[in-house]
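There are 2 protein chains.
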Amino acid sequence: MATTTLPEAEVEVSRQENKKSATKYVYSFGGGKADGNGKMKDDLGGKGAGLAEMTNAGLPVPPGFTIQTEACREYMRSGGVSKEVDRQMEDALAKLEALQGQKLGTGENPLLVSVRSGAKFSMPGMMDTILNLGLNDKSVESLAKRSNNPRFAADSYRRLIQMFGNVVLEIPKHAFDEVFDAKKKQKKTKLDTDLDAKALKEVIEEYKKVVKKHARRDFPQDPHEQLVMARDAVFRSWQNDRAKTYRRINNIDDMLGTAVNVQAMVYGNLGDTSGTGVGFTRNPATGAKEFYGEYLMNAQGEDVVSGVRTPVPILELQKLMPDVYNQLRDITTRLEKHYRDMQDFEFTIQDGKLYMLQTRNGKRTGLAAVRLALEMVEEGLISKEEAIFRLDPNQVVDFFVSRLDEKDVRPEDVLTKNGLAASPGAVVGQIVFTADEAVQKAGHGAEKNPVILVRAETTPEDIHGMEVAIGILTSQGGITSHAAVVTRGMGKSCVAGAGEIAVDERAREMRARGQVFKDGDWITIDGTTGRVLRGKRKLLPPDPENLAKLKKFMDWAEPFRKIGVRANADIPRDAKKAREFGAEGIGLCRTEHMFFDKTIKKNEGDVGTIEHRIRYMRAMILANNEKDRRTALKKLLPMQRADFLGLFKAMEGLPVTIRLLDPPLHEFLPKREKLMVDIASLSNANAKQKKALVEDYREYGANGVGDLKQLLPKLLARVEELHEFNPMLGHRGCRLGITYPEITEMQAQAIFEAAVAAEKEGVKTHAEVMIPLIATVKEMANQGAIVRRVAEEVFKEKGRHVHYLVGTMIELPRACLVADEIAKEAEFFSFGTNDLTQTTFGFSRDDVNKILPTYLAEGILKQDPFASIDRDGVGELVRIGIERGRKTRPKLEVGICGEHGGDPSSVEFCHQVGMDYVSCSPFRVLTARLAAAQAGATDKLKVEGGRTK
Amino acid sequence: MATTTLPEAEVEVSRQENKKSATKYVYSFGGGKADGNGKMKDDLGGKGAGLAEMTNAGLPVPPGFTIQTEACREYMRSGGVSKEVDRQMEDALAKLEALQGQKLGTGENPLLVSVRSGAKFSMPGMMDTILNLGLNDKSVESLAKRSNNPRFAADSYRRLIQMFGNVVLEIPKHAFDEVFDAKKKQKKTKLDTDLDAKALKEVIEEYKKVVKKHARRDFPQDPHEQLVMARDAVFRSWQNDRAKTYRRINNIDDMLGTAVNVQAMVYGNLGDTSGTGVGFTRNPATGAKEFYGEYLMNAQGEDVVSGVRTPVPILELQKLMPDVYNQLRDITTRLEKHYRDMQDFEFTIQDGKLYMLQTRNGKRTGLAAVRLALEMVEEGLISKEEAIFRLDPNQVVDFFVSRLDEKDVRPEDVLTKNGLAASPGAVVGQIVFTADEAVQKAGHGAEKNPVILVRAETTPEDIHGMEVAIGILTSQGGITSHAAVVTRGMGKSCVAGAGEIAVDERAREMRARGQVFKDGDWITIDGTTGRVLRGKRKLLPPDPENLAKLKKFMDWAEPFRKIGVRANADIPRDAKKAREFGAEGIGLCRTEHMFFDKTIKKNEGDVGTIEHRIRYMRAMILANNEKDRRTALKKLLPMQRADFLGLFKAMEGLPVTIRLLDPPLHEFLPKREKLMVDIASLSNANAKQKKALVEDYREYGANGVGDLKQLLPKLLARVEELHEFNPMLGHRGCRLGITYPEITEMQAQAIFEAAVAAEKEGVKTHAEVMIPLIATVKEMANQGAIVRRVAEEVFKEKGRHVHYLVGTMIELPRACLVADEIAKEAEFFSFGTNDLTQTTFGFSRDDVNKILPTYLAEGILKQDPFASIDRDGVGELVRIGIERGRKTRPKLEVGICGEHGGDPSSVEFCHQVGMDYVSCSPFRVLTARLAAAQAGATDKLKVEGGRTK
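Structure follows, in structure tokens:
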């Protein structure tokens, strides 16, 4: 007895007790009817529901039964299932035996079954399967007789022991592989299939010893015991690491559990009139309406995917077995119509008879999704409203990347085709092995060289290299590795985890297919397919035909969209791009980027190169007093004014939200530890080191070592003054503008002078001045007053008024809680959910990668809260903030400008909580538009659903 | 016209318009009756309400009128007052003139008035006053004739021009001082009073020139213009920096505004039957029931406080003017009875006639407050329930500090008596001038030397020195300076801003009264009174009689207290102390302190000195794998177990809340920048430097330079791994326990083994295991499961169960928002409002001092949110957290363990939101108990108030 009790746990247990008698755990199917149906995915899983549905539709499905997901959840909770589950399973088995006229693993014609997992959402290959269950030392003989194929029988038994041993008894695979390989060596054979029945029987005996040794028990001869153990093992496999990771990536609830499907075995390997295959009702890569798939005769499912034998295109089956082929086409066509979506199916032919083993909606590329959706509407299969849900908004990017010209893909150039397609698009570039090298070689602007950063794995330290590289290739790491995640965020091509490529960063070389590549060598990577090729392969631009299809698709979707989509853009070039994608304004212009962005060369005449900008910015920061600060700010004024004028022109007529200076000032100065180390090193540095040091500080006015001795301590003193233990929570945002009001004044002046200048040129402006990091209404009042005063001053001086708003970025929990107060002073809210996530969770975004992997692996978090908004916590604050803000100011304009603005799930959330718009990076604008449209359409469907009730 | 409008501002304006006609702005008093009364402090201010009340009571008060606070608020909003105010003021003036039979500044007997501020709460000396208003070139002659004292008339006029010039026209004081001093020099006189009427008339002419030069206008001769200008200047003085600072410190709302009192002048300097004085109805320092005060004959108020003449004890007046004295005693006794509190009063005697100028509740020391309260209850003046509000909970500390033995205070030893009494208590110590020196000289434990850190001002860099010093003395900085704030928090004696002492930190000397003090010299400081004395003065321990009074007082208060008070204590010694002060448990034991606290020598036999502890802790952190980590943890286990056993014994029968490891691990290792610099310096260091470096790293096993070359890069590598950009938001709290479950296991094992051991010794335990930094219920479930499993293991092994709870520290916004979820797993909540304030505001506590001074000065924050809980933001999250947590678990135990737990206002808040207890540092326990009792009594009074209605 524990001294503490958890009342909730007790409640849960008693709830189960109550339910137990009423729960139907096991659903039979076979003989033309099923207990369940296709809608019962929650209980039966996708596979079980499909099998029931196909059975009910009279399709040839091997009979069996499905143990529903509640049994799995029970297993997770208590480590076992209730007796009721066992009882119902025995009943269903008896029914199956009666239907088949066989007994499980017994008699002259023993019933053999497969035991397969099947969750609500497809998780291909993640959980475990047992085939040939029911075989034992006795029934294997019966099977040999019955099939008249002793080798087939022995091989089936051998496979059962191996699968069962591995999956159920958790014996390492290699323990069996060693036995099998030794036998092949002994028999001097190469292929598995070369081992005859006698050899396989010897293997079986050895396998049994392996089981005994590792599991400390015999392989169970009782078929019923096999079945119970296999079922439980499948339940357990729901919790294995692969499955957990898959669910995390695909955002599948850990608590759903899997169903277990027990089904009479059919064999595709009984001879030349047997076979097995997989297929799609349409092409999943292009969406073309063509029967697509492959099969192998005299083979089992695993032979099709293992690659030992090359499968045959499914169209060949038409010649070989026209009846079966026609039956299959007929069935799958009916299935597509029935499910109103492209189907991904599996079938087996046993002695000339077709069996359907599975059907489900097929996965597809973005290109295929759109084509399918358009054509199915034309065919009258689905409505336009349904169609717009057929494209995952994240797949929009597939339409805009370069493609490999397949005509230029010669097999000898392909270094691997098994990398992970981590971030789409094909690129050609020169290899670099370090981030620093990437920065060095990539160059700037017109002289920019395409480089591909090749690493075993990338880390946050590589970010600067990833930013300048055209693409990233890694040899390790999965679909959630740093490289994969970051490049998808950047919209940059990436092939990750290409295991066939060896990267030796120290030797600065990459080896693949026996060839060695050094830095500077050209390669081509295709993040859409996961291929890596040597040399400069030809690329094709995005297909205009596809883009036209996407446009048509988006035109259908747009009317459903209720909330606006703006873009985060800091310079006119990005603003223009965003507008092309349909952005309806700028939701976030980060003015500090105007001082960092090295791609800005010159802006509107002689208003300052990036070097000038940084120099004056630093002069401003290093100033000891307001007067010197104002002098430096005066130099920055025309530069900012020109920036803003460019933005206003690019976004003519649309709102432009400009955030005042946000980052802590020390970000513009050298790092503290570098200065400390440089000072410590200076006196004893050799000539070369000294020269390098002078170079490092040339932009601060250092021309020789003498200068450094003066400069460095001075710089360090200021950096120390500005140093913060937690810069994220430090002297930044509106706190800068409050301590240095002259900065706010300069920025406001630049904004309003630019707006007036634009309007004088006939360009309509709509500036929204955004004060960052507001926690109290008094901060807002303080900064708002400065902005409004400067506006009036500029308008008076220039003799012209322009329309503008003053509002705030809501990015601190306190701001959400006192939003009613803040809305008295702020005319708009823009939720900065990046920072809001940091403070709400207490997660530093720069550091969270030390915590996140464990949290995701342990299931503590289902997803990275910086990627998709945390609805329960951060979202709750957003809800509170909107509600309270609009209580004060009912027409308060509300948007979001964190990176969540480009994440479909987050966009849906923003729609639900009643925001006016989302703002995201330009290349996510289409994604956001589609996600917003889907959210709007969902609302409409709900309302209509309600109406028809 | 602004292009943007603030609807709320418009609403406000129109509300004012509506109110204007109805508002009574001016309240007359005089002739035995007043428009207002003593209850109208909101409108009339304390002084105005007191004058009205005294007038109504028939006391001799010079007549006049009060312009109420709404006019001041109007002035703040719009920069002026409405015409209605002017109109009402002229009416009241006419009434006053009629009553006095005089005209303002006109005629043979001109009416002269004083214009004084008077806010709801007393703000002595913070705002401005104008005396003798109504004098001009003409009326000064009338006054001279009427008083038959030309020198008095000229001096009054001279003073008016000076005050008016400074206060109303904002002319620097020194401009007038220069004229006056020049005149004294010219006349070869020393004292002001030596200047005769002629000289003063010359001064007046010079003063007029000063006005003309600085204000570019003449001194106004129109008395009505003088009055309007003076009134507005008083309104403006509400907003001066001194007043704002005072309000901030005393937590007075900036929006209250001040009233203005215009009152007929009476003069104490008309000759030997005139005089002026101040007094208290009881002794404000001791609380003794004695008539206490001082006066001067033939003097004005400012002469009493300026110190030029030595005032006479008020008892002397009895001999000199027995009638007046008896009248004064009679009046003030009536006033004390009327106000039911000790009164602080001002009076003037003009030609033998007594006038009361002010009465208010007097400020008092903590000792006096308690004595007063006890005696007034005995006298039947107040009830016990009222009495318990008469001590500010923050003053409790006054009872526990050492006192100067006044018998040992010789005038020649007093270096200054005008320092700020920043943090109470008298201490004797040796001077040190730097924090490092303090650490070096202070020594440890038994060899501890008392040092007093003397600085111009302290900064956060000095904290380590402040910690070891026995007291702090600064020559600069006010009552909110770093030294003052930090020492109050530490409960350490401090005299701040002692301007008569010059500190030269570079020369390492302090000068006072012509004497030079070097480091090592002995001084005595008295933080209770602000005195600094040379040498070792005798100190007295806390007075047992006073402590007995306090006990009686607390015994009255305690029954009203509804919430518990626990203490934050990490070691048995502190726990015992807390229990002596009445702590009802430990609310926070920070287990990491057990590895830092250098005062722990040995614990329960040979279970590890502090050096051992840190060494194993570091070994744990430097371990590369779980195995090595577990080995180090095994060494730490017996040490922690002994710590906990000590705590359980000290708190026998009371709850002990133990927080699992919280800080980021890098806090236990050397600083990153130090390692970088040391590595850079190592190769070129000279012998001495090398030796010092080896010394620095000896505890990491360095015995020579050779070791360092290996060690430092290794250490740096680990420190780099652990480095975080924002440690506050980093890998700490439960995140450590989740990534390193073995740490949680070890700590849980130590707790439960200690609890079982204690119970076996017959000591009842009540452990509450607290998981820090929870953001999600899954974190809580993860760590809770480990703790509960280890508990069961220990109980099974030891054959004994103990009672315990597992709960969490709620210190992140997200935890408050999902408290309903978290309460499913947590059996108690303890709000960590330090961190919650950091994340809710986005303020790093380590860095906020760069922002806070500006924020407080600008009125953006009214108080430091780390000192007193921010009710609107942080408090709102606390409310949400409690409400949601109790929705799931109605009997959830809820407390607070941030430093707010010892702040009276925060304690009141905790009471209001229904917490079960507060926890604070041991020496704040009494403060918290009293604050909690006051909160409980307030509730009771409210309920009773409701009942009697």
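Read top to bottom, the protein sequences are chains A and B. Count the first sequence with my numbering and you get residues 1 to 949, in order. Count the second sequence with my numbering and you get residues 1001 to 1949, in order. C-beta atoms are modelled at their ideal positions from N, C-alpha and C, and glycine is treated no differently.
Could you give the DSSP three-state label for residue i: helix, strand or coil?
| i | result |
| --- | --- |
| C1494(B) | strand |
| P1313(B) | strand |
| K190(A) | coil |
| F1121(B) | coil |
| E1604(B) | Confidence is the limiting factor: at E1604(B) the pLDDT is only 40, short of 50, which leaves the residue's position unreliable, though a coordinate-based value still follows. Correct three-state label for E1604(B): coil. |
| R390(A) | coil |
| F400(A) | coil |
| K1185(B) | helix |
| E1683(B) | Reading the sequence as shown, one finds Ser at residue 1683(B) and not Glu. Three-state DSSP puts S1683(B) in coil, outside helix and strand. |
| Y1616(B) | helix |
Who are residue i's beta bridge partners in DSSP?
| i | result |
| --- | --- |
| N1568(B) | L1588(B) |
| E294(A) | V278(A), P313(A) |
| S1028(B) | F1065(B) |
| D526(A) | A426(A), R531(A) |
| S1830(B) | M1809(B), G1895(B) |
How long is the line joining the alpha carbons of residue i and residue j, rounded to whole angstroms?
| i | j | result |
| --- | --- | --- |
| M1163(B) | P1062(B) | 21 Å |
| V396(A) | G527(A) | 15 Å |
| S55(A) | A387(A) | Residue 55(A) is actually Thr in this sequence, not Ser. Each residue's Cα considered, the two are about 28 Å apart. |
| V203(A) | E170(A) | 19 Å |
| L381(A) | D155(A) | 45 Å |
| N149(A) | A230(A) | 26 Å |
| T927(A) | K289(A) | 26 Å |
| F1828(B) | V1806(B) | 7 Å |
| V1719(B) | A1702(B) | 17 Å |
What are the start and end residues of the alpha helix (DSSP H) that includes residue i?
| i | result |
| --- | --- |
| T1739(B) | 1734 to 1739 |
| C920(A) | Unbroken run through C920(A) is the beta strand (DSSP E), 917 to 920; no alpha helix (DSSP H). |
| A1687(B) | 1687 to 1696 |
State the CB to CB distance for the pair residue i and residue j, rounded to an integer number of angstroms; the pair is presumed to be in contact (CB under 8 Å).
| i | j | result |
| --- | --- | --- |
| A932(A) | V409(A) | No, A932(A) and V409(A) are not in contact; Cβ-Cβ is about 38 Å, not under 8 Å. |
| G1497(B) | T1474(B) | 6 Å |
| R1216(B) | G1287(B) | That belief does not hold up - the Cβ atoms of R1216(B) and G1287(B) are roughly 54 Å apart, past 8 Å. |
| L1374(B) | F1399(B) | Rounded, the Cβ-Cβ distance is 13 Å, inconsistent with contact. |
| S830(A) | T657(A) | 6 Å |
| I1161(B) | F1219(B) | 6 Å |
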